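A.B. asks:
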Amino acid sequence: MVATISTPQYLLDQARRRFTPSINNFPGMGLVERKLLNTQFPEHKLADPPPGSGLKPVVGDAGLPVIGHIIEMLRGGPDYLMFMYRTKGPVIFGDSPVMPAVAALGPDAAQVIYSNRNKDYSQQGWVPVIGPFFHRGLMLLDFEEHLFHRRIMQEAFTRSRLVSYVEQMDKVVSQVVADDWVV
62 MVATISTPQY LLDQARRRFT PSINNFPGMG LVERKLLNTQ FPEHKLADPP PGSGLKPVVG
122 DAGLPVIGHI IEMLRGGPDY LMFMYRTKGP VIFGDSPVMP AVAALGPDAA QVIYSNRNKD
182 YSQQGWVPVI GPFFHRGLML LDFEEHLFHR RIMQEAFTRS RLVSYVEQMD KVVSQVVADD
242 WVV
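Residue numbers (this note's numbering): 62 to 244.
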């Protein structure tokens with residue numbers, strides 16, 4: 062069963078949201094986004110790779126002063142990441158004034174990082190982002206400790222259990238929206 066919310070009030074609310082001004086529908090933002098995507102900002106290296114390693118440096122840019130690439134990210138979402146993957150490659154550096162970050166994009170990078178066979182990638186990079194909300198949460202644990210706790214949690218996320226969770230949520234949400242939704 063697929064979750065559905067189709068009451069008339071919900072659909073009207075969705076339509077109102079589409080007409081509420083935001084960065085995605087503000088007049089001229091498409092033109093601004095295209096201009097930014099075609100702008101070559103000054104690039105710099107995150108760091109030099111170890112000598113003799115044969116590795117390439119991770120290169121990136123800061124985008125616009127203060128706001129970086131926020132317009133492209135908000136307007137493009139996953140399309141912006143695909144654009145970066147096609148134009149810059151699988152590893153990019155975003156020198157954001159808020160939080161500089163390296164992104165690994167594409168299937169090969171995802172496999173290397175998520176399998177983490179050599180234990181090269183720590184989860185500690187997430188601490189500034191979600192640490193205040195999920196102190197020592199599963200996503201913030203490293204290596205054997207992460208694996209131990211993930212195996213315990215894995216039982217709650219089998220396909221059959223997820224299907225039953227969605228069915229239960231759909232019943233509750235549909236009833237609340239139909240009976241108690243304040244318009």
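Beta carbons: idealized from backbone N, C-alpha and C, even for Gly. Just so we're clear, the structure is a prediction, and the values are computed from it rather than from any experiment.
Applying the criterion that 16 or more other CB atoms from any shown protein chain within 10 Å of the CB defines a buried residue, is residue 196 buried or exposed?
C.D. replies: Exposed.
A.B. asks: When you compare the stretch 216-227 with the stretch 181-197, are there three or more beta-carbon pairs, one atom per stretch, that lie closer than 8 Å?
C.D. replies: Contact between the stretch 216-227 and the stretch 181-197 is absent, because fewer than three Cβ pairs lie under 8 Å.
A.B. asks: For residue 149 and chain C, any beta-carbon pair shorter than 8 Å?
C.D. replies: Given the protein chain composition of this structure (a single chain), no chain C is represented.
A.B. asks: In terms of residue numbering, what span does the alpha helix (DSSP H) encompassing residue 96 cover?
C.D. replies: 90-98 is the extent of the alpha helix (DSSP H) around residue 96.
A.B. asks: For the beta strand (DSSP E) holding residue 104, just list the boundary residues, first then last.
C.D. replies: Where residue 104 is concerned, the enclosing beta strand (DSSP E) stretches over 104-106.
A.B. asks: If you compare alpha carbons, which of 243, 161, 207 and 170 is closest to residue 189?
C.D. replies: Measuring from the Cα of residue 189, the nearest candidate turns out to be 161.
A.B. asks: Between 187, 211, 125 and 201, which lies nearest to residue 163 when the distance is taken from Cα to Cα?
C.D. replies: The candidate whose alpha carbon is nearest that of residue 163 is 187.
A.B. asks: Give me, in chain order, the residues of the same chain whose beta-carbon lies closer than 7 Å to that of residue 145; leave out the 5 immediate sequence neighbours on both sides.
C.D. replies: For residue 145, where only same-chain residues beyond five positions count, the Cβ hits under 7 Å are 153 and 166.
A.B. asks: Just to confirm, is the Cβ distance from residue 133 to residue 122 under 8 Å?
C.D. replies: No, they are not a contact pair.
A.B. asks: With a threshold of 16 other CB atoms inside 10 Å of the CB of residue 201, please say whether the residue is buried or exposed.
C.D. replies: Result: buried.
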